[in-house]
Each structure stands twice: as structure tokens, then as C-alpha cells.
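Numbering of the sequence shown is given in the numbering used here, commencing with residue 3 and proceeding in unit increments.
Working notes, structure below.
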Amino acid sequence: MHIEKAVPKVGALVTGIDVKTMSDAQWGQLYQAWLDTGVLIVRGQDLTKADFIAYSSRFGKLKPHRVKATRDPAFPEITLMGVTTGSDEKKDKLVLNRGQGWHTDSPWDTEICKGTQLYGLEIPSYGGDTLFASMYAAYDALPARLKERIAPLKVAFGYGGRSRQGIERLEPEDQARPPAVWDMVRVHPETKRRSLYINPTHVINIAGMSEAEGDRLLAELYWYMLQPNAEYRHKWQAGDIVIWDNRCTVHSAAGGNPADQRRVHWRTTIME
Ligand SMILES: [Fe+2]
């Protein structure tokens, strides 16, 4: 097994291992590399849905995604991504708006999502990359006056952010739930490191602040989100498994893949 850093401050690339047959010691190394780097990429895997569920379950408890329409009928813990793309009328167009915009997964939900894992099955000939950034690095880069100011703050998150765009994908009872409120500065339960927990996709407002004041502060903080050596662009290969830690990283779909080519992933959602 070979593990190397994707870029100095986020991501680890793993080759030379089969996750179906690895030893407990190797698993321990993988999990530690994930905690250390926030994003773990294991290349060259050949998995059934049951294999993918078994591997994902080693990271934590799996939770079927609240959006029911994309659940695998036989394995509800798996979300099927991209199986409907590839129609003729989309030919020569680019996919430009799916999963784009920096975010963590499910900060709008009632419990923090520990990790999200994707398994790449069909990869377009160009585009469709996934971008990652370390929110440890973002927090570390803040000037002391900002660290002090945000230490007591709490942030409200909702599906689709303030505009609630796409909220109709949720079940009626999930649409009606009030925003989820979390600390802006998260202490990671396993690494004990501090990270900045905001994202421009899901934040509705900062608790106890006027919208105008909150937006001014958020705009200032967003300047620190992407730090040198802490941003990684993943170019997918079929057989890649990628898991990111939603407690200390953000991600975004880069888009730009041709709409007449299939881009298919299985996804699992992992809780603490
Ligand atoms: Fe996402």
C-alpha cells in the first residue's frame, strides 16, 4: 500500500490496496490518513454495492439520504448519482450546475454528517472534477481579531441556503423543519483541531445578527476559505473511492463535463 499527500494540506492518495481484503492494520492506516488530510482517495477498486456498503460502514453509521428519489431501490443507503444523464437533447451541452458551489454535506440536517463517500463507475472524457478545500487551513489563516470575534457565534443552515432553492426535493416534513444551528468554529471530535464551519451554499444567517451585519462578516470570512496548498482538484478515474470529512472540509462539483456522456457515482452518507 502506498499513501501520498494529494496537496500539502488536504487529501491523501492511496494505491496498491484492495479495500475488500485489506488487513486491520492497513485499515487503521487508511482511517488515520483520512483524519490527517480530510479527503481519502483510494484508486483502482472493483466493488459491488454490498462491498461499497461494507467499506463505507467501517467509517461510521450509514444513513439513507433524505432525498428519496435517488436512493438505490435495493440498497437505500446508496444514493445513485448521474444515472439519468446522457439524453440526446443534451448532446454537445455541458453540465454546469450540479452540486456546484462550495459546501459541506447536510449541515441543514438534525445531526452533523461525518463523511460522504463516492465510488466512481462511469467517468466522462473531460470535466466533472470534484474540488476540495481544508477548513482547518481556513481557520488557521484567520487573523486573531476574526478568530476572537467568531468564537462565540452560531450559524443557521438550510437546504438551498437563504433562497431555499431545490427544497422541493425533500419530503414535506423535512422542508418544514426549522434551520439547523451549529457553532461557526467546530472542534473536530477526533482530531481536536478547530475549523471554520460556514459555506456559501447553505448558510441562512448568523444567529443574533442582522442580515446586513452577518453578510458583511461572512463575506470577509469567505476570503479565507481557499488557502494555498489546501485546495485539491480531484480528476476522477473509474474505480476511485473518495471520502471527505464534512466536519473539516468543503467541496464543490467543478462541472464542465459533456452532458451527452454518463457520469455515474454511488454515494454513501456516513454519520458519527
Ligand atoms: Fe456535496
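Each residue gets a CB set at the ideal place from its N, CA and C atoms; glycine is no exception.
query = If we count the other Cβ atoms within 10 Å of its Cβ and call it buried at 16 or more, is glycine 168 buried or exposed?
reply = Start at 1 with the first residue of the sequence shown, and residue 168 comes out as number 166. Taking a 10 Å sphere around the C-beta of glycine 168, we find fewer than 16 other C-beta atoms and assign the residue as exposed.
message = DSSP has valine 183 in a bridge; who is on the other side?
response = Within the sequence shown, numbered from 1, the residue matching residue 183 stands at position 181. Ala158, per the DSSP bridge assignment.
request  = Could you name the residues whose beta carbon sits closer than 7 Å to any heavy atom belonging to ligand 1, keeping them in chain order?
outcome  = Residues close to ligand 1 by the beta carbon criterion (under 7 Å to any non-hydrogen atom) are, from first to last along the chain, Gly101, His105, Asp107, Thr118 and His253.
query = Per DSSP, tryptophan 238 forms a beta bridge with which residues?
reply = Taking the sequence shown and counting its residues from 1, the one referred to as residue 238 is at position 236. Partner(s): none; tryptophan 238 has no beta bridge.
DSSP state of glutamine 31 mapped onto helix, strand, coil = As a first step, residue 31 is located in the sequence shown; it is residue number 29 there, counting from the start. Note: glutamine 31 maps to helix in three-state DSSP.
ask   = Can you tell me where the alpha helix (DSSP H) with alanine 283 in it begins and where it stops?
value = With the chain covering 3 to 274 only, the question about residue 283 has no answer from this structure.
query = Among the residues of its own chain, which have a CB less than 8 Å from the CB of alanine 14, if the five just before and after it don't count?
reply = For the purposes of this step, residue 14 is identified with residue 12 of the sequence shown, where counting begins at 1. The residues Ile5, Glu6, Lys7, Ala8, Ala35, Trp36, Asp38, Thr39, Val41, Leu42 and Ile43, in chain order, have a CB closer than 8 Å to that of alanine 14 in the same chain once the five nearest residues on each side in sequence are set aside.
request  = Note down, in chain order, each residue of its chain lying with its Cβ closer than 8 Å to the Cβ of lysine 93, except the 5 sequence neighbours on either side.
outcome  = Taking the first residue of the sequence shown as 1, we reach residue 93 at position 91. With a pLDDT of only 49 at lysine 93, under the threshold of 50, the placement of this residue in the model should not be trusted; the figure read from the coordinates follows. Contacts found: Ala261 and Asp262.
ask   = Which residues bound the beta strand (DSSP E) around glutamine 263?
value = Here residue 263 refers to the residue found at position 261 of the sequence shown. Here glutamine 263 belongs to no beta strand (DSSP E), and DSSP marks it neither H nor E.
inquiry  = Let's see if you can read the secondary structure: which residues bound the alpha helix (DSSP H) around methionine 137?
reply    = Taking the first residue of the sequence shown as position 1, residue 137 is located at position 135. First-last of the alpha helix (DSSP H) with methionine 137: 137 to 143.
Among Lys70, Arg164 and Ala182, nearest to glutamate 173 - alpha-carbon criterion = Position 171 of the sequence shown, counted from the start, is the residue given in the question as residue 173. Closest option to glutamate 173, Cα to Cα, is Lys70.
ask   = Would you call the stretch 14 to 27 and the stretch 214 to 223 in contact, with 3 or more CB pairs under 8 Å?
value = These segments do not touch.
request  = State the DSSP-derived secondary structure class of leucine 42, mapped to helix, strand or coil.
outcome  = Here residue 42 is taken as the residue at index 40 of the sequence shown, counted from 1. DSSP places leucine 42 in strand when its eight states are reduced to three.
ask   = threonine 23 bridges to which residues according to DSSP?
value = The count along the sequence shown starts at 1 and reaches residue 23 at position 21. Looking at the DSSP assignment, threonine 23 forms no beta bridge with any residue, so it has no partner.
task = Please name the residue or residues paired with aspartate 131 in a DSSP beta bridge.
result = Residue mapping note: residue 131 aligns to position 129 of the sequence shown, counting from 1. Looking at the DSSP assignment, aspartate 131 forms a beta bridge with Gly257.
message = Given this structure, state the Cα-to-Cα distance separating alanine 232 from serine 197, to the nearest angstrom.
response = Taking the sequence shown and counting its residues from 1, the one referred to as residue 232 is at position 230. Taking the sequence shown and counting its residues from 1, the one referred to as residue 197 is at position 195. Rounded to whole angstroms, alanine 232 to serine 197 spans 13 Å at the Cα level.
query = DSSP puts tyrosine 121 in a beta bridge; with which residues?
reply = If you number the sequence shown from 1, residue 121 lands on position 119. Paired residues: Ile243 and Trp268.
Glutamate 79 burial status per 10 Å Cβ neighbour count (16 or more: buried) = Along the sequence shown, one-based indexing puts residue 79 at 77. When all chains shown are included, glutamate 79 counts as buried.
task = Decide if glycine 160 is buried, meaning its Cβ has at least 16 other Cβ atoms within 10 Å, or exposed.
result = The residue given as residue 160 occupies position 158 in the sequence shown. The residue is buried, with at least 16 neighbouring Cβ atoms inside 10 Å.
ask   = How should alanine 135 be labelled, buried or exposed, when 16 other C-beta atoms within 10 angstroms of its C-beta is the threshold for buried?
value = Position 133 of the sequence shown, counting from 1, holds the residue named residue 135. So alanine 135 ends up on the buried side.
request  = May I ask you to report which of helix, strand or coil DSSP gives alanine 8?
outcome  = Sequence index remark: in the sequence shown, residue 8 carries index 6 (1-based). Residue state, collapsed to three classes: strand.
inquiry  = Spatial neighbours of aspartate 53 within its chain, please: C-beta separation below 7 Å, excluding the five flanking residues on both sides.
reply    = Taking the first residue of the sequence shown as 1, we reach residue 53 at position 51. Listed in chain order, the non-local C-beta contacts of aspartate 53 below 7 Å within the same chain comprise Lys22, local neighbours out to five positions each way being set aside.
ask   = Does the beta-carbon of glutamine 239 have 16 or more other beta-carbons within 10 angstroms, so that it is buried, or is it exposed?
value = For the purposes of this step, residue 239 is taken as residue 237 along the sequence shown, with counting starting at 1. That one is exposed.
inquiry  = Please state the DSSP three-state secondary structure of lysine 194.
reply    = Stepping through the sequence shown from its first residue, residue 194 is reached at position 192. In the structure shown, lysine 194 adopts coil according to DSSP, grouped into three states.
task = Using only alpha-carbon positions, find the residue among Asp176, Val252, Asp185 and Ser212 that is nearest to threonine 203.
result = Here residue 203 is taken as the residue at index 201 of the sequence shown, counted from 1. Taking the Cα of threonine 203 as reference, the smallest distance to any Cα among Asp176, Val252, Asp185 and Ser212 is reached at Val252.
ask   = For the putative contact between methionine 3 and valine 266, defined by C-beta atoms under 8 Å, what is the C-beta separation to the nearest angstrom?
value = Walking along the sequence shown from the start, residue 3 turns up at place 1. Walking along the sequence shown from the start, residue 266 turns up at place 264. So it is not a contact: roughly 27 Å between Cβ atoms.
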